[in-house]
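Residue numbers (my numbering): 1078 to 1346.
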């Protein structure tokens, strides 16, 4: 891994007090949605992002969401925490995704699409695991932000972007430029911020799930399948979907459950 990537991670500021408080409330089994609403209401940016997410067709809510309490009630505490953390992380990292050939807005949308597909697929398998995987899927591409920054600083945007456009293996391409894949960078970022160890590990091995420890291998495989179906450069392209479904078959998942979830996501776009 390049020293510039390591130094970028070490220099990252701490997450906000609001995020720390959200994590505390969500970790305490004695707290309620009302407690979480009180914390969120102290941060106008999180309020705006949460209400924006609630109005997105990706989540398919049938009525207009007008306030924080409604949004938190519909999302639930776990998904609300995930959305708040995702927005705060991207704000701190100052997203510029030119080397990947997309805008910051498109990057956010693709991350949300990965998380939505993951949740809608895995809730049919195991709802508790789906909630864990939702946050991991939402954040698993975070390392690409730091890689993009390094590519820009080294004036390699044009060559990198040209290769991204045709690549079927972005992790391999990333390694050829910065000696590390985005998944491992993401894991190091969240280790820096003292995130849950299991989530760090499942993201760390998302590009190579067969190397993952047995207790998190299932999660890493699921993350790999979702990012294969919705890669940054070819999200939901026919080839991407076919590659992902093949991985699911190899991992002994029910092909039809995943395919139905992909179709449902396509219907919202």
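Even for Gly, the Cβ is constructed at its ideal location relative to N, Cα and C.
Predicted model, so just to flag it, every value in this text is computed and none were measured.
Can you say whether residue i is buried or exposed, counting buried as having 16 or more other CB atoms within 10 angstroms of its CB?
{"i": "residue 1274", "result": "exposed"}
{"i": "residue 1220", "result": "buried"}
{"i": "residue 1083", "result": "exposed"}
{"i": "residue 1232", "result": "exposed"}
{"i": "residue 1126", "result": "buried"}
{"i": "residue 1207", "result": "buried"}
{"i": "residue 1174", "result": "buried"}
{"i": "residue 1346", "result": "exposed"}
{"i": "residue 1311", "result": "buried"}
{"i": "residue 1180", "result": "exposed"}
{"i": "residue 1243", "result": "exposed"}
{"i": "residue 1272", "result": "buried"}
{"i": "residue 1317", "result": "buried"}
{"i": "residue 1067", "result": "An answer regarding residue 1067 cannot be provided, because it is not within the stretch 1078 to 1346 covered by the chain."}
{"i": "residue 1276", "result": "buried"}
{"i": "residue 1278", "result": "buried"}
{"i": "residue 1130", "result": "buried"}
{"i": "residue 1261", "result": "buried"}
{"i": "residue 1081", "result": "exposed"}
{"i": "residue 1338", "result": "buried"}
Between the Cα of residue i and the Cα atoms of the options, which residue gives the shortest distance?
{"i": "residue 1354", "options": "1241, 1321, 1263, 1271", "result": "The structure shown does not extend to residue 1354, since the chain is modelled only from 1078 through 1346, so no value can be given for it."}
{"i": "residue 1258", "options": "1247, 1266, 1199", "result": "1247"}
{"i": "residue 1285", "options": "1301, 1161, 1271", "result": "1301"}
{"i": "residue 1090", "options": "1280, 1212, 1266, 1244", "result": "1266"}
{"i": "residue 1120", "options": "1095, 1297, 1211, 1331", "result": "1095"}
{"i": "residue 1328", "options": "1292, 1316, 1298", "result": "1298"}
{"i": "residue 1198", "options": "1210, 1092, 1086", "result": "1210"}
{"i": "residue 1190", "options": "1180, 1126, 1134, 1269", "result": "1134"}
{"i": "residue 1304", "options": "1341, 1283, 1141", "result": "1283"}
{"i": "residue 1320", "options": "1113, 1238, 1306", "result": "1306"}
{"i": "residue 1228", "options": "1256, 1201, 1130, 1278", "result": "1256"}
{"i": "residue 1086", "options": "1264, 1093, 1129, 1295", "result": "1264"}
{"i": "residue 1111", "options": "1296, 1151, 1323", "result": "1151"}
{"i": "residue 1270", "options": "1080, 1136, 1153, 1097", "result": "1097"}
{"i": "residue 1212", "options": "1296, 1080, 1330, 1230", "result": "1296"}
{"i": "residue 1184", "options": "1202, 1215, 1333", "result": "1215"}
Just to check my reading of the structure: residue i and residue j have Cβ atoms closer than 8 angstroms, yes? What is that Cβ distance to the nearest angstrom?
{"i": "residue 1251", "j": "residue 1224", "result": "6 angstroms"}
{"i": "residue 1325", "j": "residue 1335", "result": "5 angstroms"}
{"i": "residue 1163", "j": "residue 1132", "result": "Actually they do not touch by this definition, with Cβ atoms about 16 angstroms apart."}
{"i": "residue 1117", "j": "residue 1128", "result": "The pair is not a contact, with the Cβ atoms about 10 angstroms apart (cut-off 8 angstroms)."}
{"i": "residue 1290", "j": "residue 1234", "result": "With a Cβ gap of about 36 angstroms, residue 1290 and residue 1234 do not count as contacting."}
Give a yes or no on whether 9 angstroms exceeds the smallest Cβ distance from residue i to chain C.
{"i": "residue 1242", "result": "The displayed structure is made up of one protein chain only, and chain C is not part of it."}
Is residue i a contact residue of the ligand NAP, with contact defined as CB to any heavy atom under 8 angstroms?
{"i": "residue 1278", "result": "For the structure depicted, the ligand NAP is absent and the ligand set is empty, with no information on it obtainable."}
Next on the checklist: Counting beta carbon pairs with one atom in the segment 1141-1148 and one in the segment 1190-1197, are three or more of them shorter than 8 angstroms?
Outcome noted: Segments in contact, no.
Item to check | Contact the segment 1217-1231 vs the segment 1163-1177: 3+ CB pairs below 8 angstroms | outcome: With a cut-off of 8 angstroms on Cβ pairs, the segment 1217-1231 is in contact with the segment 1163-1177, counting three or more such pairs.
Checklist entry - Should the segment 1155-1162 be regarded as contacting the segment 1098-1107, the criterion being three or more beta carbon pairs within less than 8 angstroms? => result Contact holds: three or more Cβ-Cβ distances are below 8 angstroms.
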